[in-house]
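**Q** Heads up, the sequence shown is in full-length UniProt numbering, so the first residue is 1 and it goes up one at a time.
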Amino acid sequence: MDWNRKLKCYARLISGFTLIGLHYRMKLNSKLNHSDDKNRHFPTFHLKTWRSIHCESLSEPISTESKTRINKSDQKALKSHYQYVICGAGTAAQSAVNTLSQLHSSENKDSDANTTTTSLLMIAPEWRNPYYNSPLIKNNTESNETEHNNDEVFAKNPTWDLVLGKSLKAVYADRNEIELESGELIQYDKLLIAVGAVVGIESIHSIHKLDETISHRVLGGHSHEEHALLLNEIEKKCLNNQKLHVTVVGGGWNGTLYASHLQALGCDVTLICYEPLPWSRYLPRFICEVLSKLLKAQGIELLPYSNVNYITQMKQNNPHDSQEHADLQVYFTWSYDSFALNSLRTDYLLFLPTNSPSCSGNLDGQFYLQSDPEVGGLLVNSELSAASDVYVAGDCASFPAVWAGERQRIQSNEHAEQSGLVAALNMYGSRKAYSSEPVRKVYYSALDVAILSIGKVSSLSETFCFFAKDGKTSDYTRGVIFYSDMKSNNVIGAVVLFDPMIDSPNVDSLRKLFDQPIDKRSFKDISQLEETLAPLARKVYTELHHANSEESDSLVFTYRRFFPREKGTKSNSRDDIV
Ligand SMILES: Cc1cc2nc3c(=O)[nH]c(=O)nc-3n(C[C@H](O)[C@H](O)[C@H](O)COP(=O)(O)OP(=O)(O)OC[C@H]3O[C@@H](n4cnc5c(N)ncnc54)[C@H](O)[C@@H]3O)c2cc1C
Numbered sequence: 001m002d003w004n005r006k007l008k009c010y011a012r013l014i015s016g017f018t019l020i021g022l023h024y025r026m027k028l029n030s031k032l033n034h035s036d037d038k039n040r041h042f043p044t045f046h047l048k049t050w051r052s053i054h055c056e057s058l059s060e061p062i063s064t065e066s067k068t069r070i071n072k073s074d075q076k077a078l079k080s081h082y083q084y085v086i087c088g089a090g091t092a093a094q095s096a097v098n099t100l101s102q103l104h105s106s107e108n109k110d111s112d113a114n115t116t117t118t119s120l121l122m123i124a125p126e127w128r129n130p131y132y133n134s135p136l137i138k139n140n141t142e143s144n145e146t147e148h149n150n151d152e153v154f155a156k157n158p159t160w161d162l163v164l165g166k167s168l169k170a171v172y173a174d175r176n177e178i179e180l181e182s183g184e185l186i187q188y189d190k191l192l193i194a195v196g197a198v199v200g201i202e203s204i205h206s207i208h209k210l211d212e213t214i215s216h217r218v219l220g221g222h223s224h225e226e227h228a229l230l231l232n233e234i235e236k237k238c239l240n241n242q243k244l245h246v247t248v249v250g251g252g253w254n255g256t257l258y259a260s261h262l263q264a265l266g267c268d269v270t271l272i273c274y275e276p277l278p279w280s281r282y283l284p285r286f287i288c289e290v291l292s293k294l295l296k297a298q299g300i301e302l303l304p305y306s307n308v309n310y311i312t313q314m315k316q317n318n319p320h321d322s323q324e325h326a327d328l329q330v331y332f333t334w335s336y337d338s339f340a341l342n343s344l345r346t347d348y349l350l351f352l353p354t355n356s357p358s359c360s361g362n363l364d365g366q367f368y369l370q371s372d373p374e375v376g377g378l379l380v381n382s383e384l385s386a387a388s389d390v391y392v393a394g395d396c397a398s399f400p401a402v403w404a405g406e407r408q409r410i411q412s413n414e415h416a417e418q419s420g421l422v423a424a425l426n427m428y429g430s431r432k433a434y435s436s437e438p439v440r441k442v443y444y445s446a447l448d449v450a451i452l453s454i455g456k457v458s459s460l461s462e463t464f465c466f467f468a469k470d471g472k473t474s475d476y477t478r479g480v481i482f483y484s485d486m487k488s489n490n491v492i493g494a495v496v497l498f499d500p501m502i503d504s505p506n507v508d509s510l511r512k513l514f515d516q517p518i519d520k521r522s523f524k525d526i527s528q529l530e531e532t533l534a535p536l537a538r539k540v541y542t543e544l545h546h547a548n549s550e551e552s553d554s555l556v557f558t559y560r561r562f563f564p565r566e567k568g569t570k571s572n573s574r575d576d577i578v
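Next comes the structure, spelled out in C-alpha cells:
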C-alpha cells in the first residue's frame with residue numbers, strides 16, 4: 001500500500017471512531033439529563049452561562065461583633081504543665097469538661113474537700129464561649145440553646161483554665177507534650193483532641209484569589225462559629241426583605257438542610273450536588289426522588305451531577321444606583337462531561353459537603369498518632385485512645401464501631417457528646433469501651449419532614465422500607481427504613497422519617513436493634529426476616545412519635561424492599577400493605 005492510501009485509510013478509521021464516540025456521548029448526555037430543560041445539552045468545550053440573575057449589592061463586610069464576646073484581657077496565662085489538656089471548645093470537648101467536673105466534684109464530696117486541686121486547660125482558636133450544641137444545628141424550636149454556660153464549671157474549679165486564640169499544632173505522645181501554633185510547649189498527663197471537622201475546599205484554588213470585599217460571601221473551610229456568623233448575616237438580610245440568591249454545594253444532610261432553610265426564609269436557592277439526586281448517598285433512590293420533588297416544589301433549583309470548578313467575581317452596575325457592585329460567578333461542570341463548563345451568578349456560595357477532619361493533616365505520622373486513610377480522622381481504639389494518655393472524640397475520631405464491624409467517623413451532635421463523655425471517663429481512669437450508636441436528627445421543617453438516622457446508613461445497602469400512610473403527608477415521608485449490610489448480613493442501620501413537630505423523639509427500641517444485631521442468615525428465607533421487621537418498624541415509629549397503642553393499631557404501613565441499582569423487580573416496584 002502506498003503512503004497516500006495508508007493515510008486515507010487511517011483518516012477514515014479516525015473519523016469513524018470520532019463519530020461513534022460522539023453518538024455515544026450524545027446518548028449518555030440525554031440519558032443523564034433527567035430534566036427536559038433544553039439548555040442542559042451543551043456542546044462540549046464550550047462555556048455556557050447557566051443563567052444570569054440579578055444579585056443585590058452586598059459589598060459591606062460581614063459583621064464580626066459577636067466574634068469578640070470574650071474579653072481578651074481576661075485570658076489566663078498558660079502554665080507549662082496540666083493534668084488534663086482539652087483541645088477544642090465544641091460539643092465533644094465541652095461534654096468531656098462537664099464530665100470531668102462532675103467526676104471531680106463527687107470525688108471531693110467523698111473526701112470533704114471543697115475545691116478540686118486538679119489542673120485542666122481547654123484551648124480553642126475562636127474567641128467565643130465553648131458550645132454544647134453547634135450553632136449550626138437547626139431544630140424545630142425557635143430558641144435553640146447553643147452556648148452552654150461553662151462559666152460555672154470554670155468558676156467551680158479555679159485551677160482550670162480556658163485559654164482562647166490558641167490552636168494545637170503537634171502532639172509529642174512519647175513525652176506527653178503538645179506544641180501550640182503560637183510556639184508554646186505544654187506538658188499533659190492526659191490529653192483530649194476534639195478539634196472537629198472543616199469543609200475542605202483546597203481544590204478550588206480560585207477562592208484564595210477573591211478579594212476581601214467578596215471572599216467573605218464564600219463559606220467553606222471555616223469553623224462552626226464562622227459558618228454561623230455568615231448564615232446569621234444571610235438570615236438577617238432575608239428578614240429585611242433583601243432578595244438574595246444563594247448557591248449551596250452538597251447534597252448530603254447539611255446541604256439539603258440549609259438549602260431548604262434559606263429558601264424558606266425567602267432566598268432564591270440553587271443546590272449543586274455531585275450525585276444524581278440530593279440524599280443519594282444515604283437514602284433509597286425512590287425516596288430521594290420524592291424528597292427532591294419537595295425541594296423543587298419549595299422553589300429550590302437543583303443541579304445534580306455537578307461539580308464546582310472555580311469562582312470569580314463579576315462587576316455589575318446595579319440598575320437602582322450608579323455604583324458598581326460585585327457578584328460571585330460560579331463555574332461548574334457536569335460529572336459526566338468535564339469539558340462542558342457552565343456558570344451561574346450568585347450572592348453567596350455555601351460549601352456544605354461532608355466535612356473532613358480538622359486534624360489528620362498535621363497531627364498524625366511523625367507525632368505518633370495515625371490518621372485513617374479511608375474515613376479520615378485519627379485512629380483510636382475502642383476506648384477512644386490514639387496513643388498512651390491521648391484520647392480523641394467527636395468529628396475527628398475514627399473509632400471501631402462494633403455494630404458495623406468496621407471503623408466509622410461520625411459527624412453528629414449526639415456522637416460528639418457521647419464520645420466526649422466516654423473519653424473523659426477514660427482520662428479519669430476507667431477502661432470504658434465506646435459502644436454508643438449515635439443518632440443524627442435533621443429537621444426539614446419547610447418540607448414537613450424530619451429524618452433521624454442511626455448506625456451505618458448507605459444507599460449501597462439493601463433496604464427494607466415500611467411507610468406509614470396517614471393520608472395527610474406526601475407518600476414516603478413517614479416511616480422506617482432498615483439497612484442490611486451486604487458484607488456482614490446484619491441490619492446495621494436505620495432511618496426514620498417522622499413528623500418535624502416531634503421535639504424529642506423516643507429512640508429506645510431503635511437503639512435495641514444494635515444490642516443484638518439482626519442477622520439475615522438466621523432466617524430461613526427473606527419473608528421471615530420481613531415478618532420480624534414489620535412489627536419492629538411499627539413499634540419504632542409509634543414509640544418515636546410518643547403515640548399510644550390505639551393510634552399505633554390504626555396506622556397502615558406499606559412495605560417496599562429496595563436493592564440498590566436493581567430496576568423493575570416486583571418487590572422494587574410495588575408497595576405491599578403490611
Ligand atoms: C452545617 C452543619 C449542620 C449540621 N447539622 C447537624 C444536625 O442537624 N444534627 C446533628 O446531629 N449534627 C449536625 N452537624 C454536625 C455537628 O454539628 C458536629 O458533628 C458536632 O458539632 C461535632 O462536634 P465536635 O466537638 O467534634 O467538633 P466542633 O463542634 O466542630 O468543635 C471543634 C472545636 O475544635 C476547635 N479547633 C479546631 N482546630 C483546632 C486546633 N488545631 N486546636 C485547638 N482547637 C481547635 C474549634 O475551634 C472548635 O471549638 C452539622 C454540621 C454542620 C457543619
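Positions of the beta carbon are idealized from the N, C-alpha and C atoms, including for glycine.
Please read all numbers here as calculations on a predicted model, not as lab measurements.
Decide yes or no for the touch test of the segment 499-514 against the segment 450-467: beta carbon pairs closer than 8 Å, at least 3 of them.
**A** yes
**Q** Following a CB-centred definition, is Asn413 positioned closer than 6 Å to any heavy atom of ligand 1?
**A** Locating residue 413 in the sequence shown gives position 413, counting from the first residue. Yes - ligand 1 has a heavy atom lying nearer than 6 Å to the Cβ of Asn413.
**Q** So, for Glu543: in the same chain, excluding its five sequence neighbours on each side, which residues have a beta-carbon less than 6 Å away from its beta-carbon?
**A** Within the sequence shown, residue 543 is the residue found at index 543, counting from 1. Within the same chain, Glu543 has close Cβ partners Asn506, Ser509.
**Q** Would you say Gly455 and Phe466 are within 7 Å of each other, going by their C-beta atoms?
**A** The residue labelled residue 455 in the question sits at position 455 within the sequence shown. The residue labelled residue 466 in the question sits at position 466 within the sequence shown. Result no, Cβ atoms of Gly455 and Phe466 do not sit closer than 7 Å.
**Q** At a cut-off of 6 Å, is Glu126 close to ligand 1 when judged by its beta-carbon and the heavy atoms of the ligand?
**A** Indexing the sequence shown from 1 puts residue 126 at position 126. Because some heavy atom of ligand 1 lies under 6 Å away, the Cβ of Glu126 counts as near it: yes.
**Q** Please tell me whether, using a cut-off of 6 Å, the distance from the CB of Asn232 to the nearest non-hydrogen atom of ligand 1 is below it.
**A** Residue numbering aside, residue 232 sits at position 232 when the sequence shown is read from its first letter. Not so, every heavy atom of ligand 1 lies at least 6 Å from the Cβ.
**Q** Figure out for me which residue from Gly250, Glu235, Thr463, Leu219 has the closest Cα to the Cα of Leu244.
**A** Position 244 of the sequence shown holds residue 244. Of Gly250, Glu235, Thr463, Leu219, the residue nearest in Cα terms is Glu235.
**Q** In this structure, does DSSP put Glu324 in helix, strand or coil?
**A** As a working mapping, residue 324 is identified with position 324 in the sequence shown. With a pLDDT of 47 at Glu324, under the threshold of 50, the predicted position of this residue should be treated as unreliable, and no value is reported.
**Q** Per DSSP, which residues does Met122 bridge with? Please list them.
**A** For the purposes of this step, residue 122 is taken as the residue at position 122 of the sequence shown. Answer is Ile86, Leu162.
**Q** What are the residues that DSSP puts in a beta bridge with Ser371?
**A** Walking along the sequence shown from the start, residue 371 turns up at place 371. Its beta-bridge partners are Leu378.
**Q** Does Val556 pass the burial test, meaning 16 or more other C-beta atoms within 10 Å, or should it be called exposed?
**A** By one-based count along the sequence shown, residue 556 stands at place 556. Classification for Val556: exposed.
**Q** Asn254: beta carbon under 6 Å from a heavy atom of ligand 1?
**A** Taking the first residue of the sequence shown as position 1, residue 254 is located at position 254. Yes, the beta carbon of Asn254 sits closer than 6 Å to at least one heavy atom of ligand 1.
**Q** For Val442, is the beta carbon positioned less than 6 Å from some heavy atom of ligand 1?
**A** Here the question's residue 442 lines up with position 442 in the sequence shown. Val442: yes, Cβ under 6 Å from ligand 1.
**Q** Please list, in chain order, all residues of the same chain as Val330 whose beta carbon is under 7 Å from its beta carbon, the five residues on each side excluded.
**A** By 1-based counting over the sequence shown, the position of residue 330 is 330. Excluding sequence neighbours, Val330 sits near Thr247, Val308, Ile311, Ser343, Leu344, Thr346, Leu349.
**Q** In chain order, what are the residue ranges of uninterrupted alpha helix (DSSP H) at least 4 long that sit wholly in the segment 438-515?
**A** 508-512
**Q** To the nearest angstrom, how far is the alpha carbon of Asp211 from that of Ala424?
**A** Here residue 211 corresponds to residue number 211 of the sequence shown, with the count starting at 1. Here residue 424 corresponds to residue number 424 of the sequence shown, with the count starting at 1. If I take the Cα positions, the gap works out to 43 Å.
**Q** Verify whether the separation of the beta carbon atoms of Leu78 and Glu152 is less than 7 Å.
**A** If you number the sequence shown from 1, residue 78 lands on position 78. If you number the sequence shown from 1, residue 152 lands on position 152. Going by C-beta atoms, Leu78 is not nearer than 7 Å to Glu152.
**Q** Residue ranges of each alpha helix (DSSP H) run of no fewer than 4 residues wholly in the segment 218-300, ordered along the chain?
**A** 224-239, 253-265, 285-297
**Q** Would you say the beta carbon of Asp515 comes nearer than 6 Å to a heavy atom of ligand 1?
**A** Your numbering for residue 515 matches position 515 in the sequence shown. Asp515: no, Cβ never under 6 Å from ligand 1.
**Q** Considering only residues of the same chain and omitting the five flanking positions on each side of Trp334, which have a CB-CB separation below 7 Å?
**A** Position 334 of the sequence shown, counted from the start, is the residue given in the question as residue 334. Same-chain partners within the cutoff: Tyr305, Ser306, Ala340.
**Q** Among the residues of its own chain, which have a CB less than 6 Å from the CB of Gln263, if the five just before and after it don't count?
**A** Within the sequence shown, numbered from 1, the residue matching residue 263 stands at position 263. Once the five neighbours on either side are set aside, the close Cβ partners of Gln263 are Val269, Gln298, Gly299, Ile300.
**Q** Cβ-heavy atom distance between Ala194 and ligand 1 below 6 Å?
**A** Indexing the sequence shown from 1 puts residue 194 at position 194. True, at least one ligand heavy atom lies under 6 Å from that Cβ.
**Q** Using C-beta distances below 6 Å, list every residue in its chain close to Ser398, excluding the 5 sequence neighbours before and after it, in chain order.
**A** Numbered from 1 along the sequence shown, position 398 holds the residue referred to as residue 398. The answer, listed in chain order, is Asp372, Val375, Gly377, Leu379, Arg407, Arg409.
**Q** Is Ala89 closer than 7 Å to Ala124 when the C-beta atoms are compared?
**A** Reading the sequence shown from its first residue, position 124 is the one you call residue 124. Reading the sequence shown from its first residue, position 89 is the one you call residue 89. Cβ distance < 7 Å, so Ala124 and Ala89 count as in contact.
**Q** Look at the alpha carbon of Lys296 and the alpha carbon of Ser182, and state the distance between them as a whole number of angstroms.
**A** Numbered from 1 along the sequence shown, position 296 holds the residue referred to as residue 296. Numbered from 1 along the sequence shown, position 182 holds the residue referred to as residue 182. Rounded to the nearest angstrom, the two C-alpha atoms are 48 Å apart.
**Q** With 16 other CB atoms within 10 Å as the buried threshold, where does Gly250 fall?
**A** Taking the sequence shown and counting its residues from 1, the one referred to as residue 250 is at position 250. By the neighbour-count definition (other C-beta atoms within 10 Å, threshold 16), Gly250 is a buried residue.
**Q** How would you call Lys190, buried or exposed, if buried means at least 16 neighbouring beta carbons within 10 angstroms?
**A** In the sequence shown, counting from the first residue as 1, residue 190 sits at position 190. By the 10 Å Cβ count, Lys190 comes out buried.
**Q** Quick check: is any heavy atom of ligand 1 less than 6 Å from the C-beta of Cys87?
**A** Here residue 87 refers to the residue found at position 87 when the sequence shown is read from its first residue. The answer is yes for Cys87.
**Q** Please say whether Lys520 and residue 661 have beta carbons closer to each other than 7 Å?
**A** Missing from the structure shown is residue 661; the chain here goes from 1 to 578 and no further.
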